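A.B. asks: Sequence positions in the sequence shown follow the UniProt record's numbering and run 1 to 314. Note that CB positions come from ideal geometry on N, CA and C, so glycine has one too. These numbers were taken from a predicted model, which means no experiment stands behind them.
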Amino acid sequence: MEYIIRECPYCNGELHIPEELETCICIYCGKSFRTKDKELEVISADVRQRMEAEYQESIMQIPSLVKDYEVFLSKFTKKDYKQAFVDYVEACRSLFDTVTNYAELDEGRDSIVAETVASELVKCIENNINSAKTGVLTEPKKLLIEKYRFFLMVYTVPMINHLQIGYGDILIDRIIKEWTVRYPKFQLAKGSYEQLQEGFQRKGWCFITTAACENMNKPDDCEELKLFRFFRDTYMQQTQERKEKVQVYYRIAPLIVSAITLSPDNEDAYRRIWVDYLQPCYDDLNEGRYEICERRYTSMVQDLKDEYQVHFLD
Numbered sequence: 001m002e003y004i005i006r007e008c009p010y011c012n013g014e015l016h017i018p019e020e021l022e023t024c025i026c027i028y029c030g031k032s033f034r035t036k037d038k039e040l041e042v043i044s045a046d047v048r049q050r051m052e053a054e055y056q057e058s059i060m061q062i063p064s065l066v067k068d069y070e071v072f073l074s075k076f077t078k079k080d081y082k083q084a085f086v087d088y089v090e091a092c093r094s095l096f097d098t099v100t101n102y103a104e105l106d107e108g109r110d111s112i113v114a115e116t117v118a119s120e121l122v123k124c125i126e127n128n129i130n131s132a133k134t135g136v137l138t139e140p141k142k143l144l145i146e147k148y149r150f151f152l153m154v155y156t157v158p159m160i161n162h163l164q165i166g167y168g169d170i171l172i173d174r175i176i177k178e179w180t181v182r183y184p185k186f187q188l189a190k191g192s193y194e195q196l197q198e199g200f201q202r203k204g205w206c207f208i209t210t211a212a213c214e215n216m217n218k219p220d221d222c223e224e225l226k227l228f229r230f231f232r233d234t235y236m237q238q239t240q241e242r243k244e245k246v247q248v249y250y251r252i253a254p255l256i257v258s259a260i261t262l263s264p265d266n267e268d269a270y271r272r273i274w275v276d277y278l279q280p281c282y283d284d285l286n287e288g289r290y291e292i293c294e295r296r297y298t299s300m301v302q303d304l305k306d307e308y309q310v311h312f313l314d
């Protein structure tokens with residue numbers, strides 16, 4: 001019988017183990033560990049202690065994940081999102097490398113780590129919201145909640161997915177659970193960077209209209225989009241007020257489309273938007289009722305801001 005020499009990962013005792021044995025019980029401390037699963041199983045007690053200390057230090061750094069949320073939200077634009085997301089991922093990578101190394105030490109540890117990280121993250125956000133000065137003359141609490149919610153959806157959750165952490169799905173589910181307990185009226189959805197970046201690839205001004213048309217499998221040069229773009233390039237450029245309205249739409253529409261895209265019922269939502277708003281607008285344009293179309297479209301944007309809770313760029 002061949003033997004291998006291993007150190008117990010718990011007490012550091014030297015053991016001579018039959019080569020074919022997959023699980024061993026230490027004769028010194030009585031604890032069980034796997035012998036062949038991973039190199040991590042033979043990590044010394046000193047190394048484990050160091051990894052534990054590094055993990056605890058990383059948990060203390062969790063507030064850094066949302067520290068610059070307003071800066072990153074301001075870069076959620078077609079021009080800046082790609083680089084901003086890369087910067088955010090790199091800022092978070094070291095923390096998650098340390099946490100992941102610790103999570104992989106033992107079987108089942110990853111779910112405990114995921115619960116701790118999620119709890120600390122959402123608790124940090126809750127403390128930030130509760131300690132912020134809010135009121136009539138300052139930023140309303142509701143807008144702060146909306147900001148953090150949207151930041152988690154377009155930066156933090158996609159970052160976790162992008163890093164391809166083994167326990168990533170568990171962690172995201174825990175974050176959503178912790179968030180929902182505290183803010184049940186502000187739904188937090190899963191998403192990926194690829195989903196969000198795709199939304200910025202739409203041409204021109206008609207973000208919502210284009211998304212709705214795509215949902216109905218209409219091509220980019222369909223008659224509906226041609227007419228809406230003509231409306232944008234002519235009527236909406238005739239006064240300064242209308243031009244400013246277009247600029248506001250440039251800022252808010254990508255957020256609305258992202259929120260819809262990440263919602264579980266996005267296909268139904270786009271169909272409803274078409275029936276309730278865009279088809280009537282299209283009919284108005286065909287009949288030359290440009291002012292009515294403008295009011296209807298403006299009403300749609302406001303209603304969708306309310307429904308998908310993206311007021312924070314007002």
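What separation, rounded to the nearest whole angstrom, lies between the Cα atoms of V157 and P9?
C.D. replies: Taking the sequence shown and counting its residues from 1, the one referred to as residue 157 is at position 157. Taking the sequence shown and counting its residues from 1, the one referred to as residue 9 is at position 9. Distance between the alpha carbons of V157 and P9 is about 34 Å.
A.B. asks: Starting from P18, follow its DSSP beta bridges and name the residues at the other end.
C.D. replies: One-based indexing of the sequence shown puts residue 18 at position 18. Partner(s): Y3.
A.B. asks: Which residue from H162, E224, F186, E214 puts its Cα closest to that of E194?
C.D. replies: Taking the first residue of the sequence shown as 1, we reach residue 194 at position 194. Closest by alpha carbon: H162.
A.B. asks: Measuring only the C-alpha atoms, how far is P280 from N101?
C.D. replies: For this step, residue 280 is matched to residue 280 along the sequence shown. For this step, residue 101 is matched to residue 101 along the sequence shown. Taking the straight line from one Cα to the other gives about 56 Å.
A.B. asks: Would you kindly work out how many angstroms separate the C-alpha atoms of L15 and E7, rounded to a whole number?
C.D. replies: The sequence position of residue 15 within the sequence shown is 15, counting from 1. The sequence position of residue 7 within the sequence shown is 7, counting from 1. Approximately 6 Å, taken between the alpha carbons.
A.B. asks: Look up I25 in the DSSP assignment and give the residues it is bridged to.
C.D. replies: Taking the sequence shown and counting its residues from 1, one reaches residue 25 at position 25. For I25, which the question treats as bridged, DSSP gives the partners S32.
A.B. asks: To the nearest angstrom, report how far apart G191 and I4 are at their CA atoms.
C.D. replies: The sequence position of residue 191 within the sequence shown is 191, counting from 1. The sequence position of residue 4 within the sequence shown is 4, counting from 1. Taking the straight line from one Cα to the other gives about 46 Å.
A.B. asks: DSSP state of Q187, grouped into three classes?
C.D. replies: Indexing the sequence shown from 1 puts residue 187 at position 187. DSSP places Q187 in coil when its eight states are reduced to three.
A.B. asks: Given a cut-off of 7 Å on the beta-carbon distance, is the pair K114 and R174 in contact?
C.D. replies: Reading the sequence shown from its first residue, position 114 is the one you call residue 114. Reading the sequence shown from its first residue, position 174 is the one you call residue 174. Residue identity differs from the one stated: residue 114 is Ala in this sequence, not Lys. Contact flag set, yes.
A.B. asks: Which whole runs of the alpha helix (DSSP H) in the segment 114-198 are 4 residues long or more, in chain order?
C.D. replies: 141-151, 157-163, 168-182
A.B. asks: Comparing C-alpha positions only, which one of R93, E57, Y167 sits nearest to E107?
C.D. replies: As a working note, residue 107 is residue 107 in the sequence shown. Nearest of R93, E57, Y167 to E107, Cα basis: Y167.
A.B. asks: Check the C-beta distance from residue 315 over to P63 and give it rounded, since I have them as a contact under 8 Å.
C.D. replies: The displayed coordinates of the chain run from 1 to 314. Any statement about residue 315 would go beyond what the structure contains.
A.B. asks: Using alpha carbons as the reference points, say which of I256, F230, E294, I25 lies closest to R242.
C.D. replies: By 1-based counting over the sequence shown, the position of residue 242 is 242. The candidate whose alpha carbon is nearest that of R242 is E294.
A.B. asks: As an exercise, report each continuous alpha helix (DSSP H) stretch of at least 4 residues that is fully enclosed by the segment 247-285, in chain order.
C.D. replies: 266-273
A.B. asks: Using alpha carbons as the reference points, say which of N128, K79, E57 lies closest to D97.
C.D. replies: Taking the first residue of the sequence shown as 1, we reach residue 97 at position 97. Per the Cα distances, E57.
A.B. asks: Hey, how far is the Cα of G30 from the Cα of E2?
C.D. replies: Locating residue 30 in the sequence shown gives position 30, where the first residue counts as 1. Locating residue 2 in the sequence shown gives position 2, where the first residue counts as 1. Taking the straight line joining both Cα atoms gives about 23 Å.
A.B. asks: Find out if the Cβ-Cβ distance for the pair M159, Y88 is shorter than 7 Å.
C.D. replies: The count along the sequence shown starts at 1 and reaches residue 159 at position 159. The count along the sequence shown starts at 1 and reaches residue 88 at position 88. Yes. Within cutoff.
A.B. asks: What's the gap between the Cα of K133 and the Cα of I176?
C.D. replies: Along the sequence shown, one-based indexing puts residue 133 at 133. Along the sequence shown, one-based indexing puts residue 176 at 176. Between K133 and I176, the C-alpha separation is close to 25 Å.
A.B. asks: Tell me whether I27 is buried or exposed, calling it buried when 16 or more other Cβ atoms sit within 10 Å of its Cβ.
C.D. replies: For the purposes of this step, residue 27 is taken as residue 27 along the sequence shown, with counting starting at 1. Classification of I27: exposed, given that the 10 Å Cβ count is below 16.
A.B. asks: I need the DSSP call for R289, collapsed to helix, strand or coil.
C.D. replies: Indexing the sequence shown from 1 puts residue 289 at position 289. It is coil, neither helix nor strand.
A.B. asks: Check N12 in the structure and name its three-state DSSP category.
C.D. replies: Start at 1 with the first residue of the sequence shown, and residue 12 comes out as number 12. Coil, per DSSP.
A.B. asks: Verify whether the separation of the beta carbon atoms of L255 and A189 is less than 7 Å.
C.D. replies: Counted from its first residue, the sequence shown places residue 255 at position 255. Counted from its first residue, the sequence shown places residue 189 at position 189. Cβ distance not < 7 Å, so L255 and A189 don't count as in contact.
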